[in-house]
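Residues in the sequence shown are numbered consecutively from 871, following this note's numbering. C-beta atoms are modelled at their ideal positions from N, C-alpha and C, and glycine is treated no differently. Here is the structure we will look at, set down as structure tokens.
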Amino acid sequence: MVYRATSALTTDALGRSFYPAAIVSVVVVLVSVYFTVGAAFAVFGLYALFGILGGAALYYGFDDGTESSHWAIDGAAYRLGVYAAVAVTIGIVSLTGEAMAVLLGLLIGYALVVGQLLSDPVPERLVPQLTALFLLSPVTKYLTAGRYIGHGDLLFHTRVVEDLVTTGSLASIGYASYQNFPGLHVVASSVASLAGLGPHDGIMLTGLAVWAVVIPAVYLIIVRITNHPQLALCTAFALVLLDDLSFFASYVFPQSLAMAMIVMLGLLATLAVRDEIKWRIASVFAVMAGVLSVTHHLTQVLVFPVVALGIVLYAIRGREELAATVRSRPVALFGFAAAVSGFRLVQTGFIDRLLAKAGQIIGGGTMGGYTEGTVFSFGRPARSSSVGHALEWLVSPYGLYITVLLVLFSLGFVVYLRSSERPVAHRALFGCGAVAALLVFETPISIQSLIRIRFPWLFVFAFVLAIGLLQLIRYAGRRPVGVIVLALVVATAISAPLVTADNYYDLDPRPTVQSSFTDQEIAELRALSGYVDSEERTVGGFWITEQVLERYGVNDVHNARIADGEVMLPAGHFVYRSAWPGHKVHFTVGTGEQLYSNTLYVATAWLDRRIEQTNKVYTVGGTSLRWHPSERPF
């Protein structure tokens, strides 16, 4: 009892001192960065200062204890307006092919949803609206991209699905790892076959169908864990505020499907506490755990720390509570799922491969790796370190978005610490969400594939955002403050799908990896693949080009290599693309299991001059095949 009272006092003191301490700490860090690293990095870091200051302004400016009132609206008309906005937007996008038309539906839809949030809504009526708006951007990408590829490997997965549709045999999967984990490919090939669609359509529609249940599932999980419908509704809303989640709903690869399945397992685990349905739920859980074990490999490894931390935070109340937690049905079910997946990972040799990759990561160096890689620039700076570039990023849509996200997070963080009631379930979710912030917010530390590492943490991070969002709703009942809050939340919700990692809407001023091909580009690369195959030539290419060539049957593709600080192209034929300027171009080095985190940037004028110095063999549109008798620098 004394421990709990002391803990409560300590937590409250942390809440009271958070904003002053955070502001001073951020200022000290930024000043240190300014003098040690450079002014540009300090400017990049200003988003953290602005976010903390914004949260403090809201907390101290409006938290006066005054009771807020609910807005009086016509809920039925608002709901109809949301669905109409989504339907009309999809129609406009389909007819015009204009991706930015999605802005219309997002603006109208989220304004109407936030209006309902301020009127004490019935959560079960609002969750389907949030789901419809969440899927609006993925649907837009599907309809407007000639071929959406995410971070590139959708091309590979499309080839696997095509082979499955053609042969109906898992033996047709050319990559051994996915012979062991073919879950996505089996489902997508089934969808494509039953609907009479192509393999790419099968994959994309599978993703849309699966992610249509994620937002409702998370709402149900949180409402069962916390018994707080409004907080669960805000958690569902917080999820649609996360740009990475919107990205993964479009980027349908095995981790995306596996993560959605884990969310469904979480829902089943919370339902298993009901005695009347426990055996039926356990049966369904067991089947889904088995399917998960053949869907992906890395996802289970990445999810384990989140689940483990949540269980630890839930169980640290004392010895009796620890014993009760260990004996609970949800923990038993997750233990079963972990055992099934663990057995599969060991059986397929994935653990050995993971340890080997870890060696590459630690070794890093110029051979590439997830934490180290080499960056090259040709005719332009690789990354601008100027203050002007940093300011451009700070006021870009993404810079403003991440700033507002920090406002919401910091508000939720302080409100939780200052609250008089902190149920154990809230504590577990909050603790995991606070840790997740270390992975979500921008820092100077660069880790390749961080977006995939933090994917499982997004769901608990959303809980802390939800606390801040719930507090904003309370502030919003006091007009005219409500109008400001309405605009803030609507702007964040609109921004999330527009600033995703694929930069599909071209709002990030920084060069990014090409995430989609136009129909013209696909036609060019397909024609070139046909030429190479008919002439029985071997070719070289950078990573995404390799993926496309392999997608269309060219399997003998050589990589570039790095020697003496230069990118060396293999002797013979090499594929050049006019799309390289303006993008970040990844490339592999060496052969076999090397990782592909090396990057180059190239200017249009430099590329044009370089192409003129090579021997043209075949050209179609902006894609050309060039030849040189010996290995040479790029």
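Cβ-Cβ separation, residue j to residue i (assumed contact under 8 Å), whole Å
i, j, result
"T1382", "L1275", "19 Å between Cβ atoms; not a contact."
"H1498", "T1484", "6 Å"
"L1419", "V1409", "7 Å"
"V1437", "G1411", "That belief does not hold up - the Cβ atoms of V1437 and G1411 are roughly 13 Å apart, past 8 Å."
"V1088", "L1109", "6 Å"
"G885", "R1288", "4 Å"
"P991", "G945", "7 Å"
"V1080", "A1130", "5 Å"
"V1031", "I962", "About 30 Å; that fails the 8 Å criterion."
"A957", "I978", "So it is not a contact: roughly 11 Å between Cβ atoms."
Cut-off 8 Å between Cβ atoms - residues of its own chain near residue i, not counting five sequence neighbours on either side
i, result
"L1141", "R1094, I1147 and I1151"
"P1086", "V997, P998, T1001 and A1106"
Limits of the alpha helix (DSSP H) - the one that residue i falls within
i, result
"E1420", "W1413 to R1421"
"H1216", "It is worth fixing the name first, because residue 1216 is Val in this sequence and not His. Where V1216 is concerned, the enclosing alpha helix (DSSP H) stretches over R1199 to Q1217."
"A1002", "P993 to T1014"
"V1122", "Premise fails: V1122 is in no alpha helix (DSSP H) and is neither H nor E."
"Y953", "G945 to T966"
"L1078", "P1069 to W1081"
"G1442", "Looking at the DSSP string, G1442 is not in any alpha helix (DSSP H); the run it does join, the beta strand (DSSP E), is G1442 to R1447."
"F1457", "Careful: F1457 lies outside any alpha helix (DSSP H), inside the beta strand (DSSP E) at V1455 to F1457."
"R1297", "V1294 to V1310"
"L1470", "Taken as a continuous stretch (DSSP letters only), L1470 belongs to no alpha helix (DSSP H), being part of the beta strand (DSSP E) at N1468 to V1472."
"A1156", "K1148 to S1163"
Buried/exposed call for residue i, threshold 16 Cβ in 10 Å
i, result
"P1503", "exposed"
"P890", "exposed"
"G975", "buried"
"W1149", "exposed"
"S1126", "buried"
"A892", "buried"
"S1500", "exposed"
"F1118", "buried"
"Q1170", "buried"
"I1317", "exposed"
"F1155", "buried"
"F905", "exposed"
"D1434", "exposed"
"N1429", "buried"
"T1461", "Residue confidence for T1461 is low, a pLDDT of 46 falling below 50, so the modelled location carries little weight; the figure read from the coordinates is stated next. T1461 is exposed by the Cβ-count criterion."
"K1486", "exposed"
"F1457", "buried"
Candidates the options: closest to residue i by CA position
i, options, result
"L1215", "S1163, R1250 and S1198", "S1163"
"V899", "G885, G915 and A910", "G915"
"A947", "A981, V1157 and I922", "A981"
"L1172", "G1269, V1196 and L1309", "L1309"
"V1035", "D1434, F1026, V1061 and L1398", "V1061"
"D1113", "Y930, V958 and F1329", "F1329"
"F1325", "L1287, I1132 and I960", "I1132"
"Y1045", "G885, F1026 and V1334", "F1026"
"L1299", "V1154, G925, I1091 and E1391", "I1091"
"V1056", "T1370, L1067 and L1040", "L1040"
"Y929", "K1486, Y1345 and S1059", "Y1345"
"L1340", "L1135, S989, L1005 and A1194", "S989"
"T966", "V1080, A1015 and G985", "A1015"
Spatial neighbours of residue i in its chain, beta-carbon cut-off 7 Å, leaving aside the 5 residues before and after
i, result
"F911", "V903 and P1314"
"G1338", "L1278, F1279, L1281, G1282 and V1285"
"L923", "I893"
"S1448", "G1492"
"K1454", "P1381, T1382, V1383, T1469 and Y1471"
"S1256", "A910"
"P1451", "V1472, A1473, T1474 and L1477"
"T959", "A971, V972, L974, G975 and L1006"
"P1052", "L1040, I1043 and V1164"
Nonlocal neighbours in the same chain, by C-beta distance under 6 Å from residue i, ignoring five residues either side
i, result
"F1159", "The question names Phe, but residue 1159 in the sequence shown is Ala. Excluding sequence neighbours, A1159 sits near A1207 and V1210."
"V1402", "V1409 and V1424"
"F1331", "G1303, A1306 and V1310"
"P1099", "P993 and V1093"
"R1407", "H1443"
"P1200", "A1139"
"G921", "T1273, L1276 and V1277"
"D1378", "Y1268"
"V1083", "none"
Limits of the unbroken beta strand (DSSP E) element including residue i
i, result
"W1497", "T1493 to H1498"
"M1438", "E1436 to L1439"
"S1247", "V1245 to F1248"
"N1485", "N1485 to V1490"
Beta carbon proximity, residue i to chain D, threshold 9 Å
i, result
"V1176", "In the displayed structure, chain D is absent; only one protein chain is listed."
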